[in-house]
Amino acid sequence: MPRFTESEVVTAYKTGLQIESVTEYMYSTYYPTIRELCRRLEGNVQDCEDLFQETLLIFIELVQAGRYNPHGSATLKTYLYSIARNVWSGRWKRSVRQQNWEKNFADTFYPEQDTIDLYINQMTAMQMLNQLGEPCRTIISRYYIEGFSLDEIARELDLNEPTVRQRKFRCLKKLRDML
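Using the working numbering, you'd call the opening residue of the sequence shown number 47 and step up by one each time.
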């Protein structure tokens, strides 16, 4: 397998030439480091593969946007490690928020109800959420159900974060009025 310099990797991802060879090189060279990080953070084999793939995709996007300098202070290995650590951290935060939301939601709205009542209440909540319309449905579900940050939602909706915060407040008011 050919070896590539950091500059050659960047050039390949910018120009689209030798992408397969460069990607194989990236995988064989840097996957073990990312896998080790993932395992230390208690990830399984699938988590590690997903983490590396997401890290590589983010890296390619940064290269294509001109936001990675191969002659900068960080080596490619360090740069990929930082991306992977941030991706894992973001996943963990979303996971914790999701678990907390589910726990709090269940404890608040469904104390010791049977499965049928729970299903009916969930369907009612989904119907109310659907009645809100867009972008309220997206903002509320992304923030409270999926655990996205306001900044992540803002990027998805191509808005700034204060606008999303204000819309979330208004959407919650609409939802309360529906109750």
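Glycine included, C-beta positions come from ideal geometry on N, C-alpha and C.
Please read these numbers as outputs of a predicted model, since none were measured by experiment.
Cβ separation of residue i and residue j, assumed to be a contact under 8 Å, to the nearest whole Å
| i | j | result |
| --- | --- | --- |
| residue 73 | residue 110 | Rounded, the Cβ-Cβ distance is 19 Å, inconsistent with contact. |
| residue 185 | residue 214 | 5 Å |
| residue 114 | residue 56 | 7 Å |
Where residue i sits in the DSSP three-state scheme
| i | result |
| --- | --- |
| residue 223 | helix |
| residue 192 | coil |
| residue 48 | coil |
| residue 136 | helix |
| residue 180 | coil |
| residue 175 | helix |
| residue 63 | coil |
| residue 205 | coil |
Buried/exposed call for residue i, threshold 16 Cβ in 10 Å
| i | result |
| --- | --- |
| residue 134 | buried |
| residue 102 | buried |
| residue 68 | buried |
| residue 91 | exposed |
| residue 188 | buried |
| residue 65 | exposed |
| residue 89 | buried |
| residue 120 | exposed |
| residue 122 | buried |
| residue 268 | Because residue 268 is not part of the residues shown, which for the chain are 47 to 225, the question remains open. |
| residue 196 | buried |
| residue 63 | exposed |
Distance CB(residue i)-CB(residue j) smaller than 8 Å
| i | j | result |
| --- | --- | --- |
| residue 71 | residue 48 | yes |
| residue 221 | residue 174 | yes |
| residue 75 | residue 127 | no |
| residue 105 | residue 129 | yes |
Proximity test, Cβ basis, 8 Å: residue i and chain D
| i | result |
| --- | --- |
| residue 176 | Checking the listed chains, one finds no chain D in this structure; it contains a single protein chain. |
(request) Just list the alpha helix (DSSP H) runs in the stretch 65-121, keeping only unbroken ones of 4 residues or longer that don't cross its boundaries, in chain order. (result) 65-86, 91-110
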